Amino acid sequence: MSYAEHNWNIEEADEYIRWNTLDNDDWFDGEEPFKVACLNNAEETLLDLFALVLKDDEHPLIEIPVEAVYYFSATLAFRHNDTNKLAQQGISSFAIRGLSTTFKDWSRETLVEMIPHVFTALLDIVSQTAVV
Numbered sequence: 037m038s039y040a041e042h043n044w045n046i047e048e049a050d051e052y053i054r055w056n057t058l059d060n061d062d063w064f065d066g067e068e069p070f071k072v073a074c075l076n077n078a079e080e081t082l083l084d085l086f087a088l089v090l091k092d093d094e095h096p097l098i099e100i101p102v103e104a105v106y107y108f109s110a111t112l113a114f115r116h117n118d119t120n121k122l123a124q125q126g127i128s129s130f131a132i133r134g135l136s137t138t139f140k141d142w143s144r145e146t147l148v149e150m151i152p153h154v155f156t157a158l159l160d161i162v163s164q165t166a167v168v
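In the working numbering, the protein residues as written are 37 to 168.
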């Protein structure tokens, strides 16, 4: 399935993110196309990562739980807000009218590195049970 064909329920995502994430301002500030892009990227990244863990045919991964996609989407919205996007693009610091911001070296991350630790812990559990 093409990710452009996925019909995300934005209202459902909003509701889940509102009640289950702490840092969600950037998600709610985003327009629908931004939210859809976050959802698409979250799903694709989680599918790719789980596919690396579950490499055998005995344990095929059919789909990522939608709640996991919603949760990771809120993380991506924060990580790709206007300020954090500059760090991702390699900007080390900037100043506007006396207000300056400096990014640490660790502020540049791949999509996989942005996955909340709760998911990497789940991957460890899944990979241990998949090797049975």
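Every residue, glycine too, gets a C-beta built ideally from N, C-alpha and C.
Only a predicted model underlies this, so the values are computations on that prediction, with no experimental measurement involved.
### Message
So Trp63 and Ser136 are supposed to be a Cβ contact under 8 angstroms. How far apart are they, rounded?
### Response
By one-based count along the sequence shown, residue 63 stands at place 27. By one-based count along the sequence shown, residue 136 stands at place 100. Ser136 and Trp63 do not touch by the CB rule: their CB atoms are close to 27 angstroms apart, not below 8 angstroms.
### DSSP beta-bridge partners of Ala131
Against the sequence shown, residue 131 aligns to sequence position 95. Ser136, per the DSSP bridge assignment.
### Message
For the alpha helix (DSSP H) containing Leu58, name the first residue and the last one.
### Response
Against the sequence shown, residue 58 aligns to sequence position 22. Note, Leu58: premise wrong, no alpha helix (DSSP H); not H, not E.
### Query
With distances taken between CB atoms, is the gap from Trp44 to Leu75 smaller than 9 angstroms?
In the sequence shown, the residue the question calls residue 44 occupies position 8. In the sequence shown, the residue the question calls residue 75 occupies position 39. It is a contact, given that the beta carbons lie within the stated cut-off.
### Task
May I have the straight-line CA-CA distance separating Phe114 from Asn77, to the nearest angstrom?
The residue given as residue 114 occupies position 78 in the sequence shown. The residue given as residue 77 occupies position 41 in the sequence shown. Cα-Cα distance, rounded: 13 angstroms.
### Task
Tell me whether Asn43 counts as near the ligand GDP, meaning its Cβ is closer than 8 angstroms to at least one heavy atom of that ligand.
The ligand GDP is absent from the structure shown, which contains no ligand whatsoever.
### Message
Spatial neighbours of Arg54 within its chain, please: C-beta separation below 7 angstroms, excluding the five flanking residues on both sides.
### Response
Residue mapping note: residue 54 aligns to position 18 of the sequence shown, counting from 1. Once the five neighbours on either side are set aside, the close Cβ partners of Arg54 are Asn60.
### Distance, Val102 Cα to Met37 Cα
In the sequence shown, residue 37 corresponds to position 1, counting from 1. In the sequence shown, residue 102 corresponds to position 66, counting from 1. Confidence in Met37 is poor, its pLDDT being 45 and thus under 50, which makes the residue's placement unreliable; the coordinate value appears in the next sentence. Cα to Cα, Met37 sits roughly 16 angstroms from Val102.
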